[in-house]
Amino acid sequence: MPILRDAAKAGSHHESEEQHTCHTPSCTHTTPTTAHARQRERLLAEKKRMHQPSCRMNDDEFQLLTHAASACHMSIAGFLAHTALKAARDLDHTEAEIATHRDMVRELFALRRALGQIGNNLNQVATVLNAGADAPHAKAVLDAVQRTAERVDDFTQRYVETETPAG
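Here you go:
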């Protein structure tokens, strides 16, 4: 038997049944038999997302992304779009974070190189001293160790201040 929709009240009626006027929430013939999933609103044509950029991630990065999207009750694609657009709209803040990160990485590599060179110099001093000879540059090497240790301390302090949330 065909079902007709009552356009005014969204109630359904069989063709042969008499039209009801009650259509209240307690009226059983207007209650849908299955719950409908809530759909998101459709975007206007000019707002539709037509481009689909992609990126590659390792397993750890993808797991982190998946967890973050889930925690925000968003799809991965939606989370990526939201966060990327937020960063793109605030370039001063984003650029500062990226620059800070780059500066930290640059400083870490510089410290690593300096420590490697100092290690070589210390080995040379130890070899000379173990052979019973004088090592006139031993004081300079120890001073370099002290300066580099201070750089490591300064770097560590800056990193802790940058990464620790205010609160």
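With my numbering as the guide, the letters of the sequence shown map in order to residues 43 to 209.
Beta carbons: idealized from backbone N, C-alpha and C, even for Gly.
- Item | Through-space distance from arginine 91 to glutamine 159, alpha-carbon basis | 53 Å
- Measure how close the beta-carbons of valine 212 and leucine 153 come, nearest whole angstrom, since I'm counting them as under 8 Å. For the chain, the structure presents residues 43 to 209; residue 212 sits outside this window and is missing.
- Message: With the cut-off set at 8 Å, would you say leucine 184 and alanine 177 are in Cβ contact?
- Response: no
- Grab me the residues of lysine 89's own chain with a C-beta within less than 6 Å of its C-beta, minus the 5 sequence neighbours each way, in chain order. So the list is empty, once near-sequence residues are dropped.
- Terminal residues of the alpha helix (DSSP H) in which glutamate 103 lies: 101 to 113
- Query: Just checking my contact of methionine 99 with leucine 107 at CB under 8 Å: how many whole Å lie between their CB atoms?
  - Reply: Going by Cβ atoms, the distance from methionine 99 to leucine 107 rounds to 7 Å, so yes, they are a contact pair.
- At which residues does the alpha helix (DSSP H) containing arginine 98 begin and terminate? Here arginine 98 belongs to no alpha helix (DSSP H), and DSSP marks it neither H nor E.
- With DSSP collapsed to three states, give me the class of aspartate 195. helix
- Element boundaries [alpha helix (DSSP H), containing lysine 128]: First-last of the alpha helix (DSSP H) with lysine 128: 118 to 131.
- Item | Which of helix, strand or coil DSSP assigns to alanine 175 | coil
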